[in-house]
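Structure, rendered in structure tokens:
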């Protein structure tokens with residue numbers, strides 16, 4: 010796949026075309042992690058195709074906004090050192106999963122998926138080869154969207170700190186649910202709780 014095809018706007022375009030091709034009408038859209046940023050771009054471009062929006066373990070804000078919270082979080086810094094010393098072998102399993110007893114199972118799951126031939130890496134983003142996942146103002150986009158939004162977050166998220174979820178909730182009409190003692194992969198740590206919150210939101 011050519012590098013230029015690995016751009017966020019094509020994720021949005023492909024999702025739009027798939028919904029259209031399947032004749033689904035207005036859908037309930039779940040955006041997880043970086044996918045949540047793509048989901049915000051999607052509702053900016055195609056609000057008529059979305060009935061309800063779930064933003065799970067994601068952020069409307071920049072990495073610089075997250076950095077201040079992470080810099081003063083001793084447990085994050087401790088785990089980051091462990092990851093760095095492992096030279097990539099742990100694949101963020103000790104950062105993205107709060108319960109360290111479950112980290113090996115998460116790492117095994119990642120390894121079972123093999124290697125992704127595409128390159129959506131942070132390194133590529135830092136080299137300015139990636140376009141923004143949400144080029145507009147996410148707060149304004151969600152206010153203009155004006156449909157039900159659920160923000161679902163782990164309270165120990167070390168990718169996008171939970172403070173950013175609270176900030177977005179205060180800025181836009183939304184429903185915020187924070188799952189205790191879970192990190193970025195809270196759907197892996199507490200799948201039943203995570204999915205039940207989504208079902209309740211979509212059925213409300």
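Residue numbers (the numbering used here): 10 to 213. All C-beta atoms in this analysis are idealised placements derived from N, C-alpha and C, irrespective of residue type, glycine included.
Interface flag, residue i vs chain C, CB-CB below 7 Å
i	result
residue 24	Chain labels in this structure do not include chain C; a single protein chain is all it has.
Residue i - partner residues in DSSP beta bridges
i	result
residue 158	62
residue 37	61
residue 163	188
Where residue i sits in the DSSP three-state scheme
i	result
residue 51	helix
residue 184	strand
residue 45	helix
residue 169	coil
residue 77	helix
residue 199	coil
residue 102	helix
residue 141	coil
residue 176	helix
Span separating the alpha-carbon of residue i from that of residue j
i	j	result
residue 205	residue 212	10 Å
residue 16	residue 140	6 Å
residue 40	residue 96	29 Å
residue 156	residue 38	12 Å
residue 191	residue 109	11 Å
residue 6	residue 115	An answer regarding residue 6 cannot be provided, because it is not within the stretch 10 to 213 covered by the chain.
residue 201	residue 144	33 Å
residue 112	residue 44	22 Å
residue 35	residue 60	5 Å
Within 7 Å, strictly: CB atoms of residue i and residue j
i	j	result
residue 203	residue 46	no
residue 70	residue 167	no
residue 197	residue 52	no
residue 100	residue 119	yes
residue 193	residue 185	no
residue 159	residue 210	yes
residue 151	residue 181	yes
Anticipated Cβ contact below 8 Å, residue i with residue j, distance rounded
i	j	result
residue 67	residue 88	Not a contact, Cβ separation roughly 20 Å.
residue 50	residue 25	No, residue 50 and residue 25 are not in contact; Cβ-Cβ is about 11 Å, not under 8 Å.
residue 63	residue 207	6 Å
residue 74	residue 173	6 Å
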